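Following this note's numbering from start to finish, the sequence shown increments by one per residue and tops out at 537. Just so it is clear, CB atoms sit at the ideal spot from N, CA and C, and this is done for glycine as well. Note that the structure is predicted; figures quoted are calculated from it, not measured. Encoded as structure tokens, the structure appears first; notes follow it.
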Amino acid sequence: MTVTLNGDSLTIEAVVAVARHGETVEIASEARERVRTSRERVEDIVEAGDPVYGVNTGFGELVDTQVPRTEVAELQTNLVRSHAAGVGRELSREEVRSMMVTRLNALLAGYSGIRLRVVELLASLLNEQVHPVVPSRGSLGASGDLAPLAHLALVLIGEGEADVSVDPTAAGASDDGSAASESERLPGDDALAAVGLESVELRAKEGLALINGTQLTLGLAALLVADAERLCRAADAAGALTTEVSMGTTAACAEPLHEVRPHAGQAESARTVRRLTADSDVVESHRNCDRVQDAYSIRCLPQIHGAVRDAVAHLREAVAIELNSVTDNPLVFPRAALDDRASGTDRAAVVSGGNFHGAPLAHRLDYLVAALTDLAAVAERRTDRLVNPNLQESHLPPFLAQRSGVESGLMIAQYTAASLVNECRSVGRAATDNTPVSGGQEDHVSMSATAAVNARRVLDRARQVVATELLCAAEAAEYVDESLGAGTSDAYETVREVVPPLTGDRRPDADMKAVASLIETGVLDDAVDELGADTQ
């Protein structure tokens with residue numbers, strides 16, 4: 002598969018294909034023409050010699066300092082070097098590739114004034130499996146993700162470092178769904194030479210075009226959407242299985258109930274539980290029992306899970322727009338598109354704005370942090386109801402141990418889930434913070450990259466909490482005589498393929514990790530046959 006990039010049709014699914022599965026990219030012919038036209042406008046401005054921000058002036062507080070034409074190329078190179086101030090853990094391969102493909106697509110829209118040669122080189126890095134070394138910390142989310150993007154851009158000018166695939170033809174998907182190949186780390190110029198590429202010397206505006214944008218935030222957010230949607234489906238499956246093995250009722254998922262409160266996510270989660278528990282003998286076995294209501298963690302599953310689904314959908318909407326947006330600054334337009342207040346020439350108009358500001362993503366990422374924390378919290382409460390002798394049903398042994406007292410069963414697995422929920426709750430809301438920089442010129446920044454990093458941290462922990470519920474629910478199913486539902490039985494069997502039933506105490510950490518991997522890699526999704534399907 003090759004993903005064609007044209008600046009206006011990139012999808013989350015395509016980002017995942019390129020970033021996670023190593024798919025190649027190609028530049029559409031119409032995008033090439035837009036890039037050429039945009040570059041001609043910049044060259045026209047350079048020839049005119051008037052001061053234009055991003056072309057021949059300093060940056061930030063140095064915006065009023067004009068740079069001589071003979072030093073414009075040096076200005077752009079120095080910009081990239083000086084902004085490569087990232088620290089912290091290095092971004093993973095897929096995170097770097099998500100940055101690269103989203104930055105490339107934004108440049109292809111034709112408003113950044115960069116040369117075709119530069120964007121072609123960026124595309125070649127993706128296709129030849131050359132991945133710049135990018136520290137994860139240092140971005141304020143305005144003026145875009147400057148420091149991370151500068152580390153990426155260094156390799157284009159033969160500097161910095163990059164990991165180069167030893168065998169680029171081996172970039173297919175590994176067993177866990179990620180692209181896999183051995184790599185070695187080389188200086189930027191050596192990395193390019195290793196795959197037959199040459200560095201570029203940046204010209205007017207090109208350094209700024211490369212580093213000014215939201216692409217770290219956006220790349221991470223695109224991957225987050227895909228993973229969060231998968232986690233929501235897994236949480237529905239875990240919750241449905243818990244409902245069954247704890248002798249809960251699925252009546253709270255009845256369609257008429259949700260038609261009178263028609264939130265999309267709520268309806269989808271209710272529909273999923275109905276589908277997974279269809280034909281369940283467990284549910285039928287106590288249909289007319291004396292219990293009037295289940296605990297909220299079971300009865301309100303559609304409302305809680307549904308609200309999380311809606312939060313993820315809210316982020317998906319923003320990411321879909323941002324993927325095909327132009328987020329650097331300044332932007333170059335035909336003169337007729339802007340009035341005389343824009344600087345430039347009679348052919349080209351340059352306007353400074355704030356499209357690099359990550360607020361549209363940052364606030365929704367913070368929202369996702371809160372929503373996923375709640376998803377983890379309700380999964381932990383259901384887990385407790387499966388193992389806690391003060392809450393669990395009479396057919397279940399304390400902590401699901403075969404010999405209670407002598408054995409602890411899955412007691413401490415719930416401890417770990419509680420610990421992870423606490424960690425999720427301790428994560429702040431990055432978008433509500435602000436630290437002015439650049440001498441006060443950049444006096445309100447978005448912190449969108451921090452919001453994205455926080456969301457990834459919370460998602461990974463929430464996944465483990467949901468996996469712990471699924472593990473405990475599968476173990477509780479060993480104490481149920483009747484057959485499970487059409488989908489929950491598939492979920493149970495999938496867990497049992499990697500985790501055998503307890504025959505006595507053993508270390509649960511490997512079991513918990515194995516079930517989390519089923520969720521992360523989509524194996525659980527496949528096993529229960531597209532969990533969100535519109536069936537009763």
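| Check | Outcome |
| --- | --- |
| According to DSSP, is alanine 319 helix, strand or coil? | helix |
| Can you name the start and end residues of the alpha helix (DSSP H) that arginine 383 belongs to? | 360–388 |
| Rounded to whole angstroms, what is the Cα-Cα separation between tyrosine 493 and glutamine 267? | 24 Å |
| Identify whether aspartate 491 lies in helix, strand or coil by the three-state DSSP scheme. | helix |
| Can you check which of these residues, Thr215, Val167, Leu109, Val438, is closest to alanine 151 by C-alpha distance? | Thr215 |
| Could you round the C-beta distance between leucine 217 and alanine 450 to whole angstroms and report it? I think they count as a contact, below 8 Å. | 5 Å |
| Are there 16 or more other CB atoms within 10 angstroms of the CB of glutamate 34, so buried, or fewer, so exposed? | exposed |
| Which first and last residues belong to the alpha helix (DSSP H) in which alanine 431 is found? | Careful: alanine 431 lies outside any alpha helix (DSSP H) and carries neither H nor E. |
| By a C-beta neighbour count over all protein chains shown, 10 Å radius and 16 as the cutoff for buried, is alanine 296 buried or exposed? | exposed |
| Give me whichever residues DSSP pairs with serine 344 in a beta bridge. | Val351 |
| Do three or more CB pairs link the segment 199–214 to the segment 118–138 at distances below 8 Å? | yes |
| Would the segment 248–264 and the segment 272–288 be scored as touching if the rule is three or more Cβ pairs under 8 Å? | yes |
| Is there at least one Cβ from chain D nearer than 7 Å to glutamate 121's Cβ? | The chain inventory of the structure shown lacks chain D, comprising one protein chain alone. |
| Using the beta-carbon count (16 or more within 10 Å), is leucine 411 buried or exposed? | buried |
| Looking only at its own chain, which residues have a Cβ that is under 7 Å from the Cβ of alanine 456, when we skip the five neighbours before and after it? | Leu225, Leu366, Leu369, Val370 |
| Could you name the residues that DSSP lists as bridge partners for aspartate 164? | His132, Arg186 |
| Taking only the alpha-carbon atoms, compute the straight-line gap between alanine 1 and leucine 471 and give it to the nearest angstrom. | Here the chain has residues from 2 to 537 only, and residue 1 is not among them. |
| Is glycine 114 closer than 7 Å to valine 333 when the C-beta atoms are compared? | yes |
| Quick one: using the 10 Å Cβ neighbour count with 16 as the cut-off for buried, is glutamine 67 buried or exposed? | exposed |
| Leaving out five residues on either side along the sequence, give the residues of the same chain with a beta carbon under 8 Å from the beta carbon of arginine 386. | Thr243, Ser247, Ala296, Ser298, Ile299, Leu392, Gln393 |
| Mark valine 466 as exposed unless 16 or more other C-beta atoms lie within 10 angstroms of its C-beta, in which case mark it buried. | buried |
| From the DSSP output, in three-state form, read off glycine 533 for me. | For glycine 533, the pLDDT reaches just 40, beneath the cut-off of 50, and the residue's location in the model is therefore unreliable, leaving the point undetermined. |
| What does the alpha-carbon distance come out to for the pair glycine 505 and aspartate 482? | 20 Å |
| Roughly how many angstroms lie between the CA atoms of glycine 312 and alanine 372, to the nearest whole one? | The question names glycine, but residue 312 is alanine in the sequence shown. Answer to the nearest angstrom: the Cα atoms are 7 Å apart. |
| CB threonine 328 to CB valine 459, shorter than 7 Å? | no |
| Which partner residues does leucine 332 have in the DSSP bridge list? | Val352 |
| Since glutamate 27 is in the beta strand (DSSP E), which residue starts that stretch and which ends it? | 25–28 |
| Note down, in chain order, each residue of its chain lying with its Cβ closer than 6 Å to the Cβ of cysteine 425, except the 5 sequence neighbours on either side. | Thr374, Ala377, Val459, Arg462 |
| What residues in its chain sit with their C-beta under 8 Å from that of alanine 321, if we drop five residues either side in the sequence? | Thr12, Ile13 |
| State the CB to CB distance for the pair glutamine 403 and leucine 503, rounded to an integer number of angstroms; the pair is presumed to be in contact (CB under 8 Å). | 6 Å |
| Check whether the Cβ atoms of glutamate 160 and glycine 139 lie closer than 7 Å to each other. | no |
| Please name the residue in Val388, Glu323, Arg336, Leu339 whose C-alpha comes closest to that of histidine 358. | Glu323 |
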